[in-house]
Amino acid sequence: MKLFFLKAMLFLMFLTLFSCESKKQKQEPKAYKAGVILSFDDAYVDEWYNADQALKKYGWKATFNVCRIDSIGAPQIKKLLQMQKEGHEIAGHGYHHYNAVKFVKKYGINEYMKQEIQPMIVSMKKKSFKVTTFAYPYGERSDALDKALSAKFKIIRGRAFGGEVPEKQDSYFNNSKIVFAFDIDNSHIHFSIPYVLELLDYAKKNNKILLLCGHKPVKNVTENYQTKIETLEFICKYIKQHDLKFYTSSDLDDLLPQK
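Numbering (mature numbering (1 follows the signal peptide of the UniProt record, and there is no 0)), first residue to last: -19 to -1, 1 to 240.
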């Protein structure tokens, strides 16, 4: 009889433990306010700083994904640290700016981590940058790379290359640490102000976080990989007028369902 009760108690304890674990695994996504992540890639620090001065009036926040950190001059490092202090995010974009997929195909993931990721993390930490997120150079990625980088970064960003209707766009946060951004450089084949407006409207109406990326903010476009300040002004005005929120890439980590 005692043995029967002992087995029953153990069975009930097992069920309780299993039930608790199931609840943990089925955590609902956190509620959040509709908003936009504005991010910029490479090392156009002076232009980023100038854009920051022009857009401060909107209370904006942006994520600056930096590559070739040891080639950036001391005055530019100082500007990046100032922007980080003001609430912008300084994130990783590779030590050499290698195309991750092409590099791994030739040399393997271990060598990629050794040459492109580890020295970037070490150098940026020495310069007092709090790097927790990463954006792939050229936006090219793979599942294997995502898995390797997941141990190093809380959020990993690729690029959404298509010009699909908003509801089919990948450039909205979808409760995953792997995210994609739509390119707002003027040279991008799918970029136009009316299309960006469609993406913003969809984010507002459906309570989404839209991810956008650019490179070099300029007043007048003269070459590829340039984003017009006018475009950034348009987006920031929309965000303020429609009560959306400015997010950084690292903010998304707080919104992920708990494991």
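Note that the Cβ used here is the ideal one computed from N, Cα and C, for glycine as well.
Within the segment 47 to 135, the complete beta strand (DSSP E) segments of 3 residues or longer fall at 70 to 73 and 114 to 116, listed in chain order. The beta carbon of Y183 sits closer than 6 Å to those of P147, all from its chain and outside the five residues before and after it, given in chain order. Judged by pairs of C-beta atoms under 8 Å, the segment 164 to 174 touches the segment 199 to 215, as three or more such pairs exist. Per DSSP, the continuous alpha helix (DSSP H) segment holding V177 begins and ends at I174 to K186. Per the C-alpha coordinates, the member of A132, N156, I174 and N46 positioned closest to G120 is N46.
For the 7 Å CB-CB criterion, T114 and I136 form a contact.
The closest CA to that of D33, considering only M101, D224 and G68, is found on G68. Straight through space, the alpha carbons of H223 and E92 are spaced by roughly 46 Å. Less than 7 Å divides the Cβ of D23 from the Cβ of C48. Residue environment: I174 is assigned as exposed (fewer than 16 neighbouring CB atoms within 10 Å of its CB, all protein chains considered).
In the structure shown, T203 adopts coil according to DSSP, grouped into three states. Sequence-distant Cβ neighbours of A129 in its own chain, meaning closer than 7 Å and more than five residues away, are I90 and M94.
Counting the other CB atoms within 10 Å of its CB gives Y88 a total below 16, which places it among the exposed residues. Contact between the segment 145 to 163 and the segment 176 to 194 is present, with at least three C-beta pairs closer than 8 Å. When DSSP states are grouped into helix, strand and coil, K218 belongs to the helix group. By alpha-carbon distance to Y25, the top candidate from K37, L36, K60 and I18 is K60.
Around the CB of P198, 16 or more other CB atoms lie within 10 Å, so the residue is classed as buried.
DSSP lists S20 and E70 as the beta-bridge partner residues of T44. Using a 10 angstroms sphere on the CB of L233, the tally of other CB atoms reaches 16 or more, which defines it as buried. Scanning its chain for C-beta atoms nearer than 6 Å, with the 5 sequence neighbours on each side dropped, one finds around Q57 the residues V26, in chain order. In this structure, the beta-carbon distance from K226 to K14 falls below 7 Å.
For H74, the closest alpha carbon among the candidates N201, A55 and M105 is that of M105.
Pairing K108 with M101, the inter-Cα distance amounts to about 11 Å. Looking at the backbone, the Cα of S20 and that of K86 are separated by about 27 Å. Pairing T229 with K42 gives a Cβ-Cβ distance under 7 Å.
Taking a contact as a CB-CB distance under 8 Å, the pair R138 and A81 does not count as one, their CB atoms being some 12 Å apart. With contacts defined as CB atoms closer than 7 Å, C217 and Y30 fail to qualify as a contacting pair.
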